[in-house]
Amino acid sequence: MDIEELEIRDFIGAQRPFDQLPAEALVATVEAITVRYVRRETEIPETEQGEPALSLVRNGAVELRAETGELLARLGEGDLLGYRASAHELAKNHHYVALEDTLLYRMPASVVDRLCDEHSQIAWFLAPAGAGRLRDAVRHHDEASDSPLNLTDTRLGDLLGREPIHLPPAASIRRAAEVMSAEKVSSMLVVEEDVLFGVLTDRDLRLRVIAAGLDYDSPLSDVMTMAPVTASVDTNAYDALLMMARHRIHHLPVVDGHHVAGVVTASDFIERHTTSSVYLAADIHRQDTVETLAEVAGRLPLLVQNLAAAGASAERTQRIVTGIADALAIRLLELAELKFGAPPVDYAWVVAGSQARGEFTIASDQDNALILDDAYDDARDGDYFEALARFVCDGLAACGQAHCPGEVMATNPEWREPLANWQARFAHWIDNPDPTALMHGCTFFDLRHVYGDAALSATLRSSLLERTRGNTIFLSHLTGNALTRQPPLGFFRNFVLSGGRDETGVLDLKLAGVVPIVELARVYALAGGIDEVNTRERLKAAGTTDELSESGARDLGDALTFLSDTRFRHQARQLESGIEPDSLVAPDSLSRFERGHLKDAFAIVRTMQRSLAQRFGR
Amino acid sequence: MGSFVCRRLFSLEQQRLWWLKRVPAGPLRDYYQVPFTKPATPSVSTDYLALDIETTGLVPQRDELLSIGFVPISGHGLRLGGARHYLVRPERDIPESSAVVHGILDDRAREGLPLADALPPLLKALAGRVLVAHSARIEHDFLDIACRRLYGYPFVAPLVDTLELEQRKIVRSGSPIAPGALRLDALRQQYGLPRYRAHDALSDAIGAGELLLAQIAYRTSNRPLRLDDLTRRY
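Sequence lines, in order, name chains C and U.
The numbering used here puts the first residue of the first sequence at 1, with every later residue one more than the last.
The numbering used here puts the first residue of the second sequence at 1, with every later residue one more than the last.
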């Protein structure tokens, strides 16, 4: 017995990643340790026995500073520093200085490397790159997710089985019934020269043929559903389900470009989903009053809690919550049109901000706007759209989406304008990027069509992208704006350590982590003329362009996943305790594991911010 | 040669050579084979051995060793790989009064090694190293008695006493010494060192070694610290 009973062994064995070591390996590790005392305000020696050293802080405090004196990190008891502790902090001219009298447990590089070779858990944690470490953490978390929830990851194309059964429009109803019986299908497509004319279902045969006493030799074109709703093979299964719920259809033709690829039916999804979210969406489309809609929407917090309990990632949950928010808006608009009559001119209901990006949470406020056809006449049509906007926005508020405090809502006449005015306004923001313009711009640059005439939204978006792509003056302003919020350096004891400013006792996961990534992705997208709005999609798309390296895109995506998941778990806990969900976490409520990975995520964001600043900075 | 006269008139190294010629073959002679570190050696190049012992009492002539713990220090760093802890089996029962202090009861002590087996590894580890202890006189005297009993010759070693170092510092500054202020735990706290729960010989040896590192870090001198700035003066 020597080291086995030592308190030092217990301390080291309780720290990440050494807590992963088997007992004998832990003893061997402790035997390789040199204990060193560093007086306050003196530098930590870099080497141990002539090699770079990894140090574990036993007690005291250490600061990492750049050559310029800029504070990069502050480390306390249990933190690691030096060799392989964090790739993002390792630079030749950086140095560690003891802030307090500090006792360090140190290991030379050769020992660290050997540990990593022999124990993958250690290598995993002390990987050369913080980004890789984060990726593993993200992957491990995602593995815990429930497979039935993967509808948002499933392309419709992957659900298609057999080649679609189809007949030309001139074929007889009798022929269609024979083919459907022979093929044992409940629906068929009406196709000629690869163009989809319509759909024929069992139900059509019952209601439109038999009940109506129609001649069985009539052509299919007399009874088919014409110009059916279709979805692309790239649509995710969850969105497709929402679409079917909204249109109250059970068969959805799937197209690949112009080619008809097949049909999906509600039953295709049944094996793949167990969540009640689709039923919730279907229920939404069945409600006829705001009161009953609000009742149905009231089930959303419980749904989110269930998703969290089932291990769903934040991304999936956000897609689901966004889908529900869209469904509510669509149903309210349908009800508004029933109440106030058909619209006098075409319009598009668009959402902005997080809902547009597919990143809506149950704590999010509503951001929406109306794009009106240029035929709009204020004197003639003004009252109609004001009433419609009021009805929908109040309805959304009744359903739990708070009114936007910044008045970014269709009820605000500023955000209820004909297309030409919108285009002029976007042009003005882009050409005169003052702070107000950027503030509004950043909300509306993330724009997604939800209801109405999609051409209006698409026209506005494409004129926006044409104007921003490669526009260096605008992009440099947008970059400046995106860099105003820097993530913290990490944690020091129970404080959030932010460069320059004072330490604070709470971490705002949204402002400190998620928002900076969203803003980076927006710059990449606008710079590259990328039409995506979702942050992850933007990063993925930007990774294939000159705007961003592929590894940069992946790192930022991982950072976003980790930050969002941490926030999501926090909010789920709050929901469970009946607290209004927010993004504020106390550092002492985070595990050391979470802290370490958050620090890695922050480091990635800071790195990408620096490189963006070099590219577009002024 | 009486040890008092010896300490006064001869350097430690001369004493080592003196005993080397006289001690018969065995662990003590092996120990004396290795030259002592020269007093002018820079401290950072000096090899130390931080040591703590637990005993049945404070009188070396009467009381017995119960455990030995030590850890080497090189280049101003504690090398945990060299840390050792030995329980020693006393020849007589452990007085209740001492068991209260160190928590070693008869049962456990009986598992220990006979002194004749525990002493050689310590002497081997000490060869060429400077002995560091908190209140080093006790360690020295117990080892001296043990060597005389087992090998018939005295134990001589360069000593650094962390308690004495602190005492000197306070005396130099002219401030009074508060009661209890020189205890190992109190000093460790003063230097911002962690508090260890355990008080076995190895923990206290590490405790004393870390205290020495802290004291060295806080030496304010323009020239590099030398071993003889630290060694015990009699």
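Idealized CB from N, CA, C, for every residue including glycine.
How about residue i: is its Cβ closer than 7 Å to a heavy atom in the ligand COA?
i, result
"Ala178 (chain U)", "Absence of the ligand COA is noted for the structure shown, with no ligands found whatsoever."
Are the Cβ atoms of residue i and residue j separated by less than 8 Å?
i, j, result
"Ala538 (chain C)", "Ala559 (chain C)", "Inspection of the sequence shows that residue 538 (chain C) is occupied by Arg rather than by Ala. No, the Cβ-Cβ distance between Arg538 (chain C) and Ala559 (chain C) is not below 8 Å."
"Arg624 (chain C)", "Ala308 (chain C)", "Here chain C covers residues 1 to 618 and nothing more, so residue 624 (chain C) does not appear."
"Gly13 (chain C)", "Gly192 (chain U)", "no"
"Pro418 (chain C)", "Leu465 (chain C)", "no"
"Gly76 (chain C)", "Phe492 (chain C)", "yes"
"Pro158 (chain U)", "Val130 (chain U)", "yes"
"Ala231 (chain C)", "Leu200 (chain C)", "no"
"Tyr86 (chain U)", "Glu7 (chain C)", "no"
"Tyr451 (chain C)", "Ile284 (chain C)", "no"
"Leu460 (chain C)", "Gln423 (chain C)", "yes"
"Tyr216 (chain C)", "Ser172 (chain C)", "yes"
"Val392 (chain C)", "Ala325 (chain C)", "no"
"Gln355 (chain C)", "Ala402 (chain C)", "no"
"Asn534 (chain C)", "Gly353 (chain C)", "no"
"Val156 (chain U)", "Gln15 (chain U)", "yes"
"Val62 (chain C)", "Leu103 (chain C)", "no"
"Pro433 (chain C)", "Leu478 (chain C)", "yes"
"Arg16 (chain C)", "Arg592 (chain C)", "yes"
"Ala369 (chain C)", "Ala327 (chain C)", "no"
"Pro413 (chain C)", "Asp381 (chain C)", "no"
"Ala170 (chain C)", "Pro228 (chain C)", "no"
"Met107 (chain C)", "Ile33 (chain C)", "yes"
"Gln215 (chain U)", "Ile145 (chain U)", "no"
Starting from residue i, trace the alpha helix (DSSP H) both ways and give me its first and last residue.
i, result
"Glu24 (chain C)", "Ala23 to Glu31"
"Gly480 (chain C)", "Thr472 to Ala482"
"Asp238 (chain U)", "Nothing about residue 238 (chain U) can be read from this structure; chain U reaches only from 1 to 234."
"His664 (chain C)", "As shown, chain C starts at 1 and ends at 618. That puts residue 664 (chain C) outside it, with no answer to give."
"Tyr524 (chain C)", "Val515 to Gly528"
"Ser187 (chain C)", "Here Ser187 (chain C) belongs to no alpha helix (DSSP H); instead the beta strand (DSSP E) covers Ser187 to Glu192."
"Tyr32 (chain U)", "Pro27 to Gln33"
"Ser181 (chain C)", "Ile173 to Glu183"
"Arg299 (chain C)", "Element bounds for Arg299 (chain C): n/a, residue is neither H nor E."
"Ser173 (chain U)", "Thr162 to Ser173"
"Phe142 (chain U)", "Ala136 to Tyr151"
"His440 (chain C)", "Pro435 to Phe444"
Got a sec, what are the start and stop residues for the beta strand (DSSP E) residue i sits in?
i, result
"Trp349 (chain C)", "Tyr347 to Ala352"
"Gly596 (chain C)", "Where Gly596 (chain C) is concerned, there is no enclosing beta strand (DSSP E), although the alpha helix (DSSP H) it sits in stretches over Arg592 to Phe616."
"His449 (chain C)", "Leu447 to Gly452"
"Glu54 (chain U)", "Tyr48 to Thr55"
"Ala53 (chain C)", "Glu51 to Asn59"
"Val112 (chain C)", "Segment Ala109 to Glu118 is the alpha helix (DSSP H) holding Val112 (chain C); no beta strand (DSSP E) there."
"Ile165 (chain C)", "Run containing Ile165 (chain C): none; DSSP gives neither H nor E here."
"His95 (chain C)", "His95 to Ala98"
"Ala73 (chain C)", "Leu71 to Leu75"
Residues in the stretch 187 to 210 of chain U having any Cβ partner in chain C nearer than 8 Å
Tyr191, Gly192, Leu193, Pro194, Tyr196, Arg197, Ala198, Asp200, Leu202, Ser203, Ile206, Gly209 and Glu210
At a Cβ cut of 7 Å, what residues of the stretch 80 to 93 of chain U count as close to chain C, listed as they run along the chain?
Leu80, Gly81, Ala83, Arg84 and His85
Measuring CB atoms only, is the stretch 28 to 37 of chain U touching the stretch 52 to 60 of chain U, in the sense that at least three cross pairs come out at less than 8 Å?
no
Give me the subset of the stretch 161 to 174 of chain U whose CB atoms are less than 8 Å from a CB atom of chain C, sorted by chain position.
none
The stretch 61 to 88 of chain C: which residues have C-beta closer than 7 Å to a C-beta of chain U, in chain order?
none
What runs of the beta strand (DSSP E), each 3 residues or longer, lie entirely inside the stretch 197 to 269 of chain C?
251 to 256 and 259 to 265
With 8 Å as the C-beta to C-beta threshold (strictly closer), list the residues of the stretch 16 to 39 of chain C near chain U in chain order.
Val30, Glu31, Ala32, Ile33, Thr34, Val35, Arg36, Tyr37, Val38 and Arg39
Please list, in chain order, the residues of the stretch 15 to 29 of chain U that have any C-beta partner in chain C closer than 7 Å.
none
Can you pull out the residues from the stretch 150 to 170 of chain C whose beta carbon lies closer than 9 Å to at least one beta carbon of chain U?
none
Per the contact definition of three or more C-beta pairs closer than 8 Å, is the stretch 38 to 45 of chain U in contact with the stretch 16 to 28 of chain U?
no
Contact between the stretch 10 to 21 of chain U and the stretch 519 to 534 of chain C: three or more CB pairs below 8 Å?
no
Name the residues in the stretch 93 to 105 of chain C whose C-beta lies less than 7 Å from a C-beta of chain U; which are they?
Glu100, Asp101 and Leu103
Along the stretch 110 to 135 of chain U, what residues have a CB closer than 8 Å to any CB found in chain C?
none
Using a Cβ-Cβ cut-off of less than 9 Å, list which residues of the stretch 139 to 152 of chain U approach chain C; keep chain order.
none
Looking at chain U, which residues of the stretch 442 to 472 of chain C have a Cβ within less than 7 Å of any of its Cβ atoms?
none
Spell out a yes or no on whether the stretch 27 to 36 of chain C and the stretch 218 to 227 of chain U are touching, meaning 3 or more CB-CB pairs, one atom from each, closer than 8 Å.
no
Touching or not, the stretch 63 to 76 of chain U and the stretch 202 to 210 of chain U, by the rule of three or more beta carbon pairs under 8 Å?
yes
With a threshold of 8 Å, are at least 3 pairs of Cβ atoms found where one atom belongs to the stretch 51 to 59 of chain C and the other to the stretch 102 to 118 of chain C?
yes
Within the stretch 322 to 396 of chain C, note down every full alpha helix (DSSP H) run reaching 4 residues or more, in order along the chain.
353 to 357
Contact residues within the stretch 27 to 55 of chain U, judged by C-beta distance below 7 Å to chain C
none
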